[in-house]
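See structure below.
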Amino acid sequence: MRTTDPLLKVENLKVYFKILKGTVYAVDDVTFNLDRGQTMGLVGESGCGKTTTAYAITRLLPSNGRVVGGQIVFDGKIIVRADLPTELDEVLTKPDWANRLGGVLLREEREFAVFQAGGGQILEAEEEMEDEFAFYTELKGILAERGAVPDDEVRERLQRVTRQHLRGFGAGRRRRRREKEIEERIAAIRWSKVSMIFQSAMNAFNPVYRVGDQIEEALVTHYPDMTKEEARQRVLQLFDLVGIDRSRADGYPHEFSGGMRQRSMIAMALACNPQLLMADEPTTALDVIMQDRILAEIRDLQRELNIAMMIITHDISVVAEVGEKIGVMYAGKLVEYGNIREVFEKPANPYTIGLLSAFPSIKGPRRQLRSIPGSPPDLANPPPGCRFHPRCQFAQEVCKYVEPPFVQVAPDHGSLCHFAKEIYEGTLRGS
Amino acid sequence: MVEAESRAVAEEPGEEAIYRVTDLVKLFPVKAGFMGSLFGREQFVHAVDGVSFDIKHGEILGVVGESGCGKTTTGRLLVRLETPTGGSMLFRGEDVATLRGDELKEFRRRVQMIFQDPYESLNPRFTVFQTVAEPLIVHNVGETFAEREEMVAKALESAELRPAEEFMTRYPHELSGGQRQRVAIARALVLRPEFVVADEPVSMLDVSIRAGIMNLMLRLRDEYDIPFMFISHDVSVTRYMSHRIAVMYLGQVVELAPSEEVIKNPMHPYTEALLSAVPVPDPGAKHGRVEIKGDLPSPINVPSGCAFHPRCPYRRDVCKEVRPALREVAPGHYVQCHFAGEIKTRKPDDLVLEEGVCAVCGNLVAKGTKQLTCNCPKIYHEVCAGQAGSCPVCKKAF
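Quick note, the sequences are listed as chains A and B, same order.
So in the working numbering the end of the first sequence lands on 431, straight run, no missing numbers.
So in the working numbering the end of the second sequence lands on 398, straight run, no missing numbers.
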């Protein structure tokens, strides 16, 4: 049963950053799955939230970044989840709060059921759960009066209860206990099960330690029983795997070329046999020939070791080379998600169409490129309705006010657009 | 080392060349230390090593190559931000390689450069007006403030920053990346230059904005009829932008031909490898790879003979000894290789492989499926190749 589950499930993830002038809605309602051994590409322009999504999974967010909604399930275990009051606080500010609230409570209910049946999948410690259950019943009580009392008043009362729970007596203690619990869970899987290749491999190594020693250190940290000798052997093995000569294990980072440093970074990421490898712009700083080699390397290793991979990049042609699935992000939203062939052949989102027609290629005849007018929005103050509407060639009145639904246009293909079906079928013409 | 026979390019008949570069050389000395300098062991980085080409009227010449191949240095030499060590540069028939003082300043009015990073090439304390008007002040163009203001407004409008009045008072931090690059373009155009070098003008920009800047530059070229030199590491972008492409490797031009010729019919082994490495935004077009060995050699010790010979899959004995000349192999198609035209390089379009029989499992390899090729040449399913580990025909490891 467990093995048919997806390895990674990201459900309605929301990550917001608190800044001086308000809140940055960096990742907003992102949902996707990743199976074992599958490769997914996450594409988008700078500032679209693709790196933040990856950092939320490994919980490497900066201190002002908070997960305010949704959850991340890795290998059947919840590793990141927003607690109920935080999530409610957020939901209640939305105009369609009633519907959203229903969804959140339904999920909560299911979780309580699992908890009462003795399932161990819940994040919180036991007493925590009791706290939350009490809170939940209180909410239910208020909600039951809906109909008799005007909606606005219900909302106000809900807000008051939530705030009290968030800021009132014992809130700090609750939060700290929770943080500790989450941190423990993440620490158990970080690098050993989920590892990451960082954006600037050039600078990811410490310049004053030998590359081999740094990888050894990672091994010894995660396997305290490992002897120095065993760690050394493993490092040499890893160097063979990524195609660097064993003798270079004693080299310093500055003695390595860009491609070699990138390979050593991959070796380090593979050190503890992870099940999920996230690569954040793995080839951006490299020349084409080296990029091609590294991509081939990644593809081979992934096939050989059956690791699930998530490649984060701004270059859709890189995803086209290695991915099986693709997720396209724009302004914190996952706007299109599905099988890579499907998405490239029949894109169902105006942004994806724009992206594809803005990309030059060396294959086929030379065709006119079209840019997307305007520039990406400021995420502290995103446009209402669909976030893409000011730049969209298909935009209509409804796009300005109503947030688009995520439409499943084919079994393995969905798009966040009011007109996803029409665009997919090609019946809608842009201006 | 045998000197290149570089007259080939210069003697090309037909259209008038606006800029003619012959045997251009730029060496940068490497610090050898006290003892080294005492014993005369001075070493040089061969940044540009005997480059010859010409730029025709109203043409965009694309220059591609990996980092460190000398493409930026070539661009900087052409606008005389660097002084060449050797060779001649004829701009409209006038030798500009050795210009100094007032003459150099006058020359710089006629050529302009657009830089890579719009976040760094604009002064953060200058408004857009100050930035664009600065070249006018430096070169003493325009008599009155109003006249200059009008010229700036015109330049901004032609860079599609409309309405110009609104942008003039803004500072760079108030602009997006695309807008900043447009300001940089306006600054380059305000003096009505006769030649512009654009050094990776779009590589720092996001994809959705990049196409807009590229289309703008193409439009400006048509409107003002200015020849451009477009430097980029991205072959796809260069193909879109240029009429002709020069491929550089270790400070030398190894191939120079009309863009579509380079893309569809590469004749130099390096170009072949470079093109096969370019990722294509189409998951169906999995292409075979042409492997070249090793890394880029250091430009301090350039290999003898053909600079590409240590990595070339087609090399023969002569390549190690004699440096090949850049010769015209087909009309307008110059290649710096002893065996250009003889060796059968594979074209990127063939690399979107046709149907064939898998050399490992014997089954049909369908068009557009995941497949690999070997230099020998055989094709396989990607999966079969992964299992076999080496080519069963020529025994070469994948």
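Beta carbons: idealized from backbone N, C-alpha and C, even for Gly.
is_contact[residue i, chain B] using C-beta, thresh 8 Å
| i | result |
| --- | --- |
| phenylalanine 445 of chain A | Examination of residue 445 of chain A is not possible in this model, given that chain A is present from 1 through 431 alone. |
| threonine 321 of chain A | For the sequence presented, residue 321 of chain A should be read as glutamate rather than threonine. So yes, glutamate 321 of chain A belongs to the interface. |
| isoleucine 316 of chain A | yes |
| serine 46 of chain A | yes |
| arginine 366 of chain A | yes |
| aspartate 75 of chain A | no |
| alanine 271 of chain A | no |
| aspartate 412 of chain A | no |
Among the options, the one whose alpha carbon lies nearest that of residue i
| i | options | result |
| --- | --- | --- |
| arginine 107 of chain A | A:Met265, A:Ile307, A:Glu90, A:Arg81 | A:Arg81 |
| histidine 173 of chain B | B:Val183, B:His57, B:Ser88 | B:Val183 |
| glutamate 87 of chain A | A:Gly47, A:Asn12, A:Leu301, A:Ala26 | A:Asn12 |
| isoleucine 231 of chain B | B:Val335, B:Leu78, B:Gly142 | B:Leu78 |
| serine 357 of chain A | A:Glu345, A:Arg370, A:Gly364 | A:Arg370 |
| phenylalanine 133 of chain A | A:Arg146, A:Glu111, A:Asp151 | A:Glu111 |
| arginine 175 of chain A | A:Thr137, A:Gln237, A:Leu84, A:Asn99 | A:Leu84 |
| phenylalanine 228 of chain B | B:Phe28, B:Ala47, B:Val51, B:Gly62 | B:Gly62 |
| leucine 101 of chain A | A:Asp131, A:Glu130, A:Gly70, A:Gln116 | A:Gly70 |
| serine 259 of chain B | B:Thr271, B:Glu94, B:Met151 | B:Thr271 |
| serine 121 of chain B | B:Glu200, B:Val280, B:Ile18, B:Glu321 | B:Glu200 |
Contact list for residue i against chain B, beta-carbon separation under 8 Å
| i | result |
| --- | --- |
| glutamine 291 of chain A | Ala277, Pro279 |
| valine 407 of chain A | Result: empty, since nearest Cβ-Cβ is about 22 Å, beyond 8 Å. |
| serine 415 of chain A | The premise fails here: serine 415 of chain A is roughly 17 Å from chain B at the closest Cβ pair, so nothing lies under 8 Å. |
| serine 200 of chain A | The contacting residues do not exist; serine 200 of chain A stays about 15 Å from chain B at best. |
Neighbouring residues, chain B, relative to residue i (Cβ below 7 Å)
| i | result |
| --- | --- |
| arginine 370 of chain A | Ala211 |
| serine 375 of chain A | Ser176, Gly178, Ile209 |
C-beta neighbour in chain A for residue i, strict 8 Å
| i | result |
| --- | --- |
| serine 208 of chain B | yes |
| aspartate 317 of chain B | no |
| proline 313 of chain B | no |
| histidine 222 of chain B | Inspection of the sequence shows that residue 222 of chain B is occupied by aspartate rather than by histidine. No - not a single Cβ of chain A is within 8 Å of the one on aspartate 222 of chain B. |
| proline 283 of chain B | yes |
| isoleucine 407 of chain B | Residue 407 of chain B cannot be examined here, being either before or after the span of chain B that is shown, 1 to 398. |
| leucine 353 of chain B | Below a pLDDT of 50, predicted positions are generally treated as unreliable, and leucine 353 of chain B, at 48, falls in that range; the measurement from the model is reported next regardless. With 8 Å as the cut-off, leucine 353 of chain B does not count as an interface residue toward chain A. |
Within chain A, the residues that residue i reaches when beta carbons sit closer than 8 Å
| i | result |
| --- | --- |
| valine 247 of chain B | Residues of chain A passing the Cβ test: none, with the nearest at roughly 12 Å. |
| serine 67 of chain B | Asp287 |
| valine 235 of chain B | Val288, Ile362 |
Contact list for residue i against chain B, beta-carbon separation under 9 Å
| i | result |
| --- | --- |
| glycine 259 of chain A | Asp295 |
Residue i: contacting residues in chain A (beta-carbon distance under 7 Å)
| i | result |
| --- | --- |
| methionine 214 of chain B | Leu369 |
| leucine 274 of chain B | Val288, Ile289 |
| tyrosine 240 of chain B | Pro360, Arg366, Leu369 |
Partners in chain A for residue i, counting only beta-carbon separations shorter than 9 Å
| i | result |
| --- | --- |
| isoleucine 292 of chain B | Ile289 |
query = Between the segment 161-173 of chain A and the segment 245-265 of chain A, do at least 3 Cβ pairs fall closer than 8 Å?
reply = no
query = Taking contact to mean at least 3 C-beta pairs separated by less than 8 Å, is the segment 92-107 of chain B in contact with the segment 159-178 of chain B?
reply = no
task = Write down every uninterrupted run of the alpha helix (DSSP H) in the segment 227-281 of chain A whose length is 4 residues or greater and which is fully enclosed by it, in chain order.
result = 228-242, 258-270
query = Does the count of Cβ pairs from the segment 72-80 of chain A and the segment 3-14 of chain A closer than 8 Å reach three?
reply = yes
query = Using 8 Å as the threshold, is the segment 369-386 of chain A in touch with the segment 209-216 of chain B, meaning 3 or more CB pairs across them?
reply = yes
ask   = Okay, do the segment 228-237 of chain A and the segment 181-194 of chain A touch, 3+ Cβ pairs below 8 Å being the bar?
value = no
task = Pair every Cβ in the segment 212-230 of chain B with every Cβ in the segment 266-281 of chain B, then say whether three or more of these pairs are closer than 8 Å.
result = no
Near-chain C residues of the segment 337-358 of chain A - C-beta to any C-beta below 9 Å = Absence of chain C from the displayed structure is noted, the protein chains being A and B.
query = Any contact of the segment 137-151 of chain A with the segment 56-64 of chain A, i.e. 3+ C-beta pairs under 8 Å?
reply = no
The segment 346-355 of chain A contacting the segment 302-314 of chain A, beta-carbon criterion three pairs below 8 Å = no
request  = Just list the beta strand (DSSP E) runs in the segment 313-355 of chain A, keeping only unbroken ones of 3 residues or longer that don't cross its boundaries, in chain order.
outcome  = 325-330, 333-339
ask   = Is the segment 22-30 of chain A touching the segment 38-55 of chain A, taking contact as three or more C-beta pairs under 8 Å?
value = yes
query = So, do the segment 307-316 of chain B and the segment 79-93 of chain B have three or more beta carbon pairs nearer to each other than 8 Å?
reply = no
key: Segment contact, 8 Å Cβ cut-off, at least three pairs: the segment 258-268 of chain A with the segment 202-211 of chain A   = yes
inquiry  = Extract the residue ranges of the alpha helix (DSSP H) inside the segment 134-219 of chain B, only unbroken runs of 4 or more that lie entirely within it.
reply    = 145-158, 164-168, 177-189
key: Cβ contact check for the segment 326-336 of chain A and the segment 239-258 of chain B: 3 or more pairs under 8 Å   = no
query = Which ranges does the alpha helix (DSSP H) cover as unbroken runs of at least 4 residues, wholly within the segment 222-261 of chain B, from first to last along the chain?
reply = 235-241
task = Take every Cβ of the segment 125-145 of chain B, pair it with every Cβ of the segment 160-172 of chain B, and state whether three or more of those distances are shorter than 8 Å.
result = yes
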